[in-house]
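Each remark here refers to the structure printed beneath this line.
Residue numbers (the numbering used here), protein chains in the order written: chain A, 16 to 657; chain B, 541 to 672; chain C, 34 to 212.
Here it is as structure tokens:
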């Protein structure tokens, strides 16, 4: 019954969304105020219906209803309850429904939040109705989670063990708020273009919606990287995997967008550019979704490798974004004062240029191997060294600009003023560089540059806050909070850069076979094997070693790395043991001898990574997200302001 | 990433007929270093998200042993990369080679940066209001 | 200038559509290579006999890479037996990767040993020399010692009765004609 109710909710939602879009857009030529009366209730109804559908799916998982095909394929009665629920969206159909639910929730919030721009909002909701209708049609007709199987089997097929991790509970929903959030911005942009106005008032109304997806994408990418670090067992956190890259694209454009939207709000400039970025952000989110689900790329992320579904998504993107780009081409938008290069606005423009080129490079790297295959040329792999040679230098200029821009005037700064600013910051950079070169001889250069940039940016943010205080701006006023938000995000970025510099240059790796008789010495650390055991769990066989870790003779911790063999799926995963302090991470993995019969105990070996500065990377992510979140709250608070 | 591999030869293998735990490094430190440089240039064919240096898949362990053998035989990095490329295809190389069909990939960033900079320059030079 | 984003988007969409169409067509796991079969180093289970490359000449050889711990390999065994029955003139060689003789002997007994000759690639040298990424994989070598077909993944009835079977028939005819 419940699955049928879920199905019904989806169909009703489709009808509502068509109404939400059709009636206002058709009506607009007769009775402009007709718009307002329909979109709010329609958005509310959408939210309730999609919530109902999603609840129905989760209910089916909780009760292990194996008459539902989706539950059969992605669950198992022996799975812990948390992972049963999480499994609801750990598959293609469920995740599309989650996508839809986030969209419906955001639409509801758009309808409910205060605004001075009632017509803009109504038009936006109408556009959202169209976007929703397309997605719902896709879900109902090609990716329906409520398909039933009779007679129902006794049990399900196990979920991929790599996905049985707490990170999975947070990673997809977080990212989806990011992808879908840009859909809201997209709708606002189209609405603005249809009304012929993308100006300061538009920027203020949309700013919270520009920040929301950005914060969630930052957290989502951070969570995904953190998961990869803990789960994939090689001590790294980013591999430039095409699916990772796909999440980076909207983030880069989103960062550009949130900065240029500030220029739009404060100075009324860059309106067309902001509109273009808004369209681009959502288009990239959609293309990303397409690439992952179409079978074009295989990775640990790929859901259904189904070209038929891929065709539908591509068609959807073609229509949605194609129309948007057409609207952009023909929209009649007011002109604005040009931006001067030596100014805060100008530096933000340069920032946008760098982010845009960086995104273009990443997109090229994703599509190039596919294009070569298409042209019957020998296909290639684009590995980290390509990105280190291209992406890094381009984005390395960003922190340099980010320290200076907040200290510059919006409209025009003289070269002398700029020189003074550089002079203020340079000592900090110089000191950092010299100290690093002195302390870390061989790695000195690279590490020094990283340290220098981090210090440059952090110090710049400090000066920014000091200036604000000197200008008697109260810390807890809205303006003050905005300053703090920006400083927090930039300092987060600086700490992130520091983390990258440290982990890239100072990481140490040790490998040894397991020795039960004597402590294993690796650099300044020594490991003593206390116990090695083999047990059988819920759905896997576990082989675990308990190791006592000492540093310079002092025992610091006991770690238990593990190997898990999942019987149903015939897969083995390595559970790393991690000991993190602020300054460094210890990461231990078990490996096994080349002949591995999983039913017998084989010779075990060990690999240990000592990574200074690893935690700075996570701190950087969190601080950047916090800064963005604070800015979003401020923007929300200002929504009702005149 | 620069990894400093510090590998100690353990005294007591837990005596079995098979190779112990993880890899057996080359005695010659310079050769071992060359081998590691090569590991970082090859993609693990089993776990495609990792380089040969990082992967613990059995085939990867065996491939590393194979690379070490070739290094010990005096083969150059280029020869060894060609060896794997001939057998596994171009996709096993992590750094795209600089050849005619990959030239665009390598030059694109510069071209984009150049084109973009020019546009920004043009846009910021304008003095009057423009419909852009 | 304003039209540029639209046009670029159209180009990229078209490219994505083309890639999608092509990947849909390219689902065939088999690939054909005409290179000579390399001189691999594998030994029999007891270590006493070595693989002789010359043995490939004059007969059609089907080489199957497998292991006792590999589930699809076990599922494939009946198909290989059926292949042997269908084409009695071929030589079916099994090369086990990353395995040990005792376990293999037991496993082959339990699953039915379809192979004419059994070999062990303990260190993976042959596997790597052939550019193999996973098991099972089946390689067809003609009477001159050249690789004519590679099948990544288990042999299924469908494939056996399809192009695989046709190829073997042709190669057997070739071999006979050369005699």
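Glycine is no exception: its CB is placed at the ideal position from the N, C-alpha and C atoms.
Enclosing alpha helix (DSSP H) for residue i [first to last residue]
| i | result |
| --- | --- |
| residue 630 of chain A | 629-652 |
| residue 372 of chain A | 359-389 |
| residue 268 of chain A | 257-282 |
| residue 333 of chain A | 322-345 |
Cβ-based neighbour list, residue i, same chain, cut-off 7 Å, excluding 5 preceding and 5 following
| i | result |
| --- | --- |
| residue 302 of chain A | 332 |
| residue 129 of chain A | 654, 655 |
| residue 154 of chain A | 25, 111, 112, 115 |
| residue 205 of chain A | 142, 339, 342 |
| residue 286 of chain A | 213, 214, 279, 348, 351 |
| residue 505 of chain A | 417, 472, 476 |
| residue 167 of chain A | 81, 82 |
| residue 106 of chain A | 85, 88, 89, 318 |
Under 7 Å between C-beta atoms of residue i and residue j
| i | j | result |
| --- | --- | --- |
| residue 372 of chain A | residue 415 of chain A | no |
| residue 396 of chain A | residue 634 of chain B | yes |
| residue 549 of chain A | residue 543 of chain A | no |
| residue 611 of chain B | residue 666 of chain B | no |
| residue 106 of chain C | residue 147 of chain C | no |
| residue 189 of chain A | residue 235 of chain A | yes |
| residue 449 of chain A | residue 467 of chain A | no |
| residue 71 of chain A | residue 21 of chain A | yes |
| residue 360 of chain A | residue 427 of chain A | no |
| residue 192 of chain A | residue 649 of chain B | no |
| residue 462 of chain A | residue 520 of chain A | yes |
Nonlocal neighbours in the same chain, by C-beta distance under 6 Å from residue i, ignoring five residues either side
| i | result |
| --- | --- |
| residue 205 of chain C | 93, 122 |
| residue 3 of chain A | Because chain A here runs from 16 to 657, residue 3 of chain A falls outside it and cannot be looked at. |
| residue 394 of chain A | 384, 387, 388 |
| residue 157 of chain A | 324, 327 |
Cβ neighbour criterion (16 or more within 10 Å) applied to residue i
| i | result |
| --- | --- |
| residue 169 of chain A | exposed |
| residue 658 of chain B | exposed |
| residue 61 of chain C | Only weak support exists for where residue 61 of chain C lies, its pLDDT of 45 falling under 50; the value from the coordinates is given anyway. With fewer than 16 other Cβ atoms within 10 Å, it is exposed. |
| residue 86 of chain C | exposed |
| residue 635 of chain A | buried |
| residue 487 of chain A | exposed |
| residue 619 of chain B | exposed |
| residue 222 of chain A | buried |
| residue 489 of chain A | exposed |
| residue 36 of chain C | exposed |
| residue 645 of chain A | buried |
| residue 568 of chain A | exposed |
| residue 493 of chain A | exposed |
| residue 257 of chain A | buried |
| residue 311 of chain A | buried |
| residue 268 of chain A | buried |
| residue 660 of chain A | As shown, chain A starts at 16 and ends at 657. That puts residue 660 of chain A outside it, with no answer to give. |
Reduced DSSP category for residue i - H, G, I as helix; E, B as strand; rest coil
| i | result |
| --- | --- |
| residue 400 of chain A | helix |
| residue 149 of chain C | coil |
| residue 287 of chain A | helix |
| residue 165 of chain A | coil |
| residue 62 of chain C | Low per-residue confidence applies at residue 62 of chain C: pLDDT is 45, beneath 50, and the placement is therefore not dependable enough to give any value. |
| residue 86 of chain A | helix |
| residue 101 of chain A | helix |
| residue 528 of chain A | strand |
| residue 208 of chain A | helix |
| residue 620 of chain A | strand |
| residue 160 of chain A | coil |
| residue 106 of chain A | coil |
| residue 126 of chain C | strand |
| residue 75 of chain A | helix |
| residue 142 of chain A | helix |
| residue 603 of chain B | helix |
For residue i, the first and last residue of its enclosing beta strand (DSSP E)
| i | result |
| --- | --- |
| residue 600 of chain A | 599-607 |
| residue 110 of chain C | Note, residue 110 of chain C: premise wrong, no beta strand (DSSP E); alpha helix (DSSP H) at 104-119. |
| residue 560 of chain A | 555-566 |
| residue 577 of chain A | 577-581 |
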